[in-house]
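*Asks:* Going down the list, the protein sequences come from chains A and B. Each step along the first sequence adds one to the number in the numbering used here, with nothing skipped, and position 122 is 135. Each step along the second sequence adds one to the number in the numbering used here, with nothing skipped, and position 156 is 765. We put the CB at the ideal spot given by N, CA and C, even for glycine.
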Amino acid sequence: MSDRSLDISLTVNGERVQERVDPRRTLVDFLREDLSLTGSHVGCEHGVCGACTVRVNGDIVRGCLMLAVQCDGAVVETIEGLSDSGEVADLQAAFEQRNALQCGYCTPGMLATAQDLLKRAKTVPSREEIREHISGNYCRCTGYHAIVDAVEAVAQARAGVRK
Amino acid sequence: MKPAPFAYKKARTLEEAVALLGEKDARLLAGGQSLIATLNMRLSSPSLLIDINGIGGLDGISVKGGMVEIGALARHVQAERSDVVAKNAPLIARAMPHIGHPAIRNRGTLGGSIAFADPAAELPACLLALDGEVEATGPKGKRTIKAQDFFNGLFETALGPQEVLTAIRVPAAAKDTRVGFAELARRHGDYAIVGLAASGRGDGKGLADVRLAFFGVGNTPLRVKKAEAALTAGNIDAAVNALELEPHDDVQATAKVKKHLAGVLLRRVAKQLLEARA
Numbered sequence: 014m015s016d017r018s019l020d021i022s023l024t025v026n027g028e029r030v031q032e033r034v035d036p037r038r039t040l041v042d043f044l045r046e047d048l049s050l051t052g053s054h055v056g057c058e059h060g061v062c063g064a065c066t067v068r069v070n071g072d073i074v075r076g077c078l079m080l081a082v083q084c085d086g087a088v089v090e091t092i093e094g095l096s097d098s099g100e101v102a103d104l105q106a107a108f109e110q111r112n113a114l115q116c117g118y119c120t121p122g123m124l125a126t127a128q129d130l131l132k133r134a135k136t137v138p139s140r141e142e143i144r145e146h147i148s149g150n151y152c153r154c155t156g157y158h159a160i161v162d163a164v165e166a167v168a169q170a171r172a173g174v175r176k
Numbered sequence: 610m611k612p613a614p615f616a617y618k619k620a621r622t623l624e625e626a627v628a629l630l631g632e633k634d635a636r637l638l639a640g641g642q643s644l645i646a647t648l649n650m651r652l653s654s655p656s657l658l659i660d661i662n663g664i665g666g667l668d669g670i671s672v673k674g675g676m677v678e679i680g681a682l683a684r685h686v687q688a689e690r691s692d693v694v695a696k697n698a699p700l701i702a703r704a705m706p707h708i709g710h711p712a713i714r715n716r717g718t719l720g721g722s723i724a725f726a727d728p729a730a731e732l733p734a735c736l737l738a739l740d741g742e743v744e745a746t747g748p749k750g751k752r753t754i755k756a757q758d759f760f761n762g763l764f765e766t767a768l769g770p771q772e773v774l775t776a777i778r779v780p781a782a783a784k785d786t787r788v789g790f791a792e793l794a795r796r797h798g799d800y801a802i803v804g805l806a807a808s809g810r811g812d813g814k815g816l817a818d819v820r821l822a823f824f825g826v827g828n829t830p831l832r833v834k835k836a837e838a839a840l841t842a843g844n845i846d847a848a849v850n851a852l853e854l855e856p857h858d859d860v861q862a863t864a865k866v867k868k869h870l871a872g873v874l875l876r877r878v879a880k881q882l883l884e885a886r887a
């Protein structure tokens with residue numbers, strides 16, 4: 014660590030965290046390497062694949078396109094937090110049930126992005142809207158169809174629609 | 610890859626940011642959605658990053674004196690959800706969903722996109738099509754630069770080394786304002802293979818003051834004045850034939866394909882201009 018390092022203080026999954034970080038440390042590397050929260054994945058490292066998607070102050074962001082030093086004072090939520098709180102439990106169950114994952118590499122980012130759509134949606138989103146919202150998350154296994162099925166099923170279930 | 614080492618300072622005021630830009634190899638960090646990618650790829654390695662996200666008062670969206678003013682730090686998501694933008698800058702509203710993906714739009718800023726001047730990006734073309742302008746703040750104060758004088762070359766703008774882009778302004782839409790927007794990308798939200806932003810005035814019979822700005826086909830967004838004249842005269846076929854674009858082959862498509870697609874987009878956008886009501 015260099016003499017350029019800075020102290021940051023933030024909340025990660027509900028816990029206060031204080032660390033000293035090098036300015037060049039990206040948020041996702043900070044989460045994985047310094048906090049051992051390895052649920053957020055590192056794929057392309059230039060904002061294309063979406064595997065590192067996490068929530069900062071309630072909004073989804075690319076963990077590879079934010080620096081840890083920028084998160085001083087922020088509230089960060091990773092897939093570990095979303096999973097432990099039960100917020101995405103129905104999505105996780107639907108992904109499993111509908112084979113919406115194979116290798117699982119994209120799944121944490123996919124879940125965070127899907128949850129972002131569902132928590133904002135005032136009505137059940139169309140399949141087209143679901144596809145558009147997850148357009149920034151690559152999956153190389155499923156062909157997306159099963160993922161859209163899973164997200165759509167949860168959207169309908171949450172809205173009380175019976176199928 | 611990981612970024613090369615750099616120092617990081619958070620500017621609290623615009624004056625502080627301008628002063629820090631005087632340091633060697635300093636770069637401004639706004640939304641970071643292009644800059645941090647280039648740092649990770651080591652395409653750029655500044656010695657100092659000046660984080661301007663903490664400067665207050667630079668993210669407003671308002672209508673002043675017939676112009677829509679958007680602060681440089683307004684994030685894409687703000688513009689996407691803004692009623693002011695939807696009503697008064699419909700071209701920008703229409704372009705917004707094509708810019709990156711939700712997670713990118715939550716961080717990326719309109720000022721950053723214009724200042725970065727990516728030739729395949731949507732907003733520089735919108736600014737040019739709308740005859741908009743940029744407000745820059747430097748050591749000598751503020752100045753205004755017209756869009757047509759702003760984009761000088763590949764990732765090159767008229768901004769001086771110590772200037773900060775602080776706002777963009779476009780004329781507020783009038784009753785007869787017509788806009789059109791279309792782009793082709795391999796994946797929704799990716800940079801365009803070819804794109805077109807357009808504005809004009811329509812009275813239900815014909816078009817006037819047509820401005821067409823293509824992106825992804827040159828080093829800067831490009832106006833095509835012969836095609837604009839043909840479209841104003843009401844001849845879509847002539848407009849397509851009058852396109853004088855000389856794109857280069859790139860990783861996405863050959864020059865020949867791009868030229869063909871530019872004509873396809875022009876037909877789609879012409880239809881929008883003739884039909885749409887602002």
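For residue 636 of chain B, decide whether its Cβ has a neighbour in chain A, counting only Cβ atoms nearer than 9 Å.
*Replies:* Not one chain A Cβ lies under 9 Å of residue 636 of chain B.
*Asks:* Report the residue from A/123, A/32, A/158, A/151 whose alpha carbon sits nearest the alpha carbon of residue 52 of chain A.
*Replies:* The shortest C-alpha separation from residue 52 of chain A is found at A/123.
*Asks:* How far does the beta strand (DSSP E) with residue 31 of chain A in it extend, from its first residue to its last?
*Replies:* Taken as a continuous stretch (DSSP letters only), the beta strand (DSSP E) holding residue 31 of chain A covers 28-34.
*Asks:* Bridge partners of residue 768 of chain B, per DSSP?
*Replies:* Beta-bridge pairing links residue 768 of chain B to no other residue.
*Asks:* What three-state label does DSSP hand residue 614 of chain B in the structure shown?
*Replies:* Coil, per DSSP.
*Asks:* Within 10 angstroms of its Cβ, does residue 643 of chain B collect 16 or more other Cβ (buried), or is it exposed?
*Replies:* With 16 or more other Cβ atoms within 10 Å, it is buried.
*Asks:* Go ahead and label residue 652 of chain B buried or exposed: buried means 16 or more other beta carbons lie within 10 angstroms of its beta carbon, across all protein chains shown.
*Replies:* Burial call: exposed.
*Asks:* Please list, in chain order, the chain B residues whose beta carbon lies closer than 7 Å to that of residue 59 of chain A.
*Replies:* Within chain B, the residues near residue 59 of chain A are 646, 649, 650.
*Asks:* Would you please state the rounded distance, in angstroms, between the beta carbons of residue 743 of chain B and residue 730 of chain B? I believe it to be under 8 Å.
*Replies:* Between residue 730 of chain B and residue 743 of chain B the Cβ distance is about 14 Å, and since that is not below 8 Å, they are no contact.
*Asks:* In angstroms with no decimal places, state the Cα-to-Cα distance between residue 823 of chain B and residue 62 of chain A.
*Replies:* Cα to Cα, residue 823 of chain B sits roughly 27 Å from residue 62 of chain A.
*Asks:* Mapping the DSSP letters down to three states, classify residue 856 of chain B as helix, strand or coil.
*Replies:* DSSP places residue 856 of chain B in coil when its eight states are reduced to three.
*Asks:* Of the residues B/774, B/712, B/697, B/678, which one's Cα is nearest the Cα of residue 722 of chain B?
*Replies:* Among B/774, B/712, B/697, B/678, the Cα nearest to that of residue 722 of chain B is on B/774.
*Asks:* Using alpha carbons as the reference points, say which of B/624, B/617, B/840 lies closest to residue 34 of chain A.
*Replies:* The option with the nearest alpha carbon to residue 34 of chain A is B/617.
*Asks:* Would you say residue 161 of chain A lies against chain B (beta-carbon separation less than 9 Å)?
*Replies:* With 9 Å as the cut-off, residue 161 of chain A does not count as an interface residue toward chain B.
*Asks:* If contact is defined by three or more beta carbon pairs under 8 Å, each pair taking one atom from either stretch, is the segment 746-760 of chain B in contact with the segment 702-719 of chain B?
*Replies:* No, they do not touch.
*Asks:* Which one of B/679, B/677, B/691, B/626 has the shortest CA to CA distance from residue 661 of chain B?
*Replies:* Comparing Cα-Cα distances from residue 661 of chain B to each of B/679, B/677, B/691, B/626, the minimum goes to B/626.
*Asks:* Would residue 871 of chain B and residue 883 of chain B be called neighbours here (beta carbons separated by less than 9 Å)?
*Replies:* Against a cut-off of 9 Å, the Cβ pair of residue 883 of chain B and residue 871 of chain B comes out as no contact.
*Asks:* Quick check on residue 887 of chain B - is its C-beta less than 9 Å from some C-beta in chain A?
*Replies:* Note on residue 887 of chain B: pLDDT 44, under 50, position unreliable in the model; the coordinate value appears next. Chain A, which has no Cβ nearer than 9 Å to the Cβ of residue 887 of chain B, makes this no.
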